[in-house]
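>
Residue numbers (this note's numbering): 3 to 92.
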């Protein structure tokens, strides 16, 4: 699992505002599966459970060899970004 993008002062640098520990181990291990269907299911599982993964995991999924995995990861990142933008407006 990718390391957190924490800075020495304990704050994130903006790339990893969510922790990998926010997702169950059973889902996190699926990100490393050689089977693209399993990686896609891991992304689907996060969204169905309302669980958010480390943005590092999602950024890695953006570079996945499988197009469906890349598309799903893009959708999740864009949705997270839209929520953050809305919060900033309030």
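All residues carry an ideal CB built from backbone N, CA and C; glycine is no exception.
The structure presented is a predicted model; accordingly, all values stated were derived computationally and were not measured.
1. Taking the straight line between their C-alpha atoms, what separation do you get for residue 68 and residue 92?
2. Since residue 33 and residue 44 should fall inside the 8 Å C-beta cutoff, what is the C-beta to C-beta distance between them, to a whole number of angstroms?
3. Could you pull the start and end residues of the alpha helix (DSSP H) that residue 25 belongs to?
4. How would you write the range of the alpha helix (DSSP H) that residue 58 sits in, first residue to last?
5. Excluding the 5 residues preceding and the 5 following residue 35 in the sequence, name in chain order all residues of the same chain whose CB lies nearer than 7 Å to its CB.
6. Expressed to the nearest angstrom, what Euclidean distance is found between the alpha-carbon atoms of residue 27 and residue 88?
7. Which residue from 81, 77, 29, 66 puts its Cα closest to that of residue 47?
On the basis of the coordinates in this document:
1. Reading the chain shown from its first residue, position 66 is the one you call residue 68. Reading the chain shown from its first residue, position 90 is the one you call residue 92. When rounded, the distance between both Cα atoms is 37 Å.
2. Looking up residue 33 in the chain shown gives position 31. Looking up residue 44 in the chain shown gives position 42. Contact between residue 33 and residue 44 holds: CB atoms are separated by about 5 Å, below the 8 Å threshold.
3. Here residue 25 refers to the residue found at position 23 of the chain shown. Where residue 25 is concerned, there is no enclosing alpha helix (DSSP H), given that its DSSP letter is neither H nor E.
4. The count along the chain shown starts at 1 and reaches residue 58 at position 56. Residues 57-64.
5. For the purposes of this step, residue 35 is identified with residue 33 of the chain shown, where counting begins at 1. Cβ within range, chain order: 41.
6. In the chain shown, the residue the question calls residue 27 occupies position 25. In the chain shown, the residue the question calls residue 88 occupies position 86. Taking the straight line from one Cα to the other gives about 30 Å.
7. The residue given as residue 47 occupies position 45 in the chain shown. Of the candidates 81, 77, 29, 66, the one whose C-alpha sits nearest the C-alpha of residue 47 is 29.
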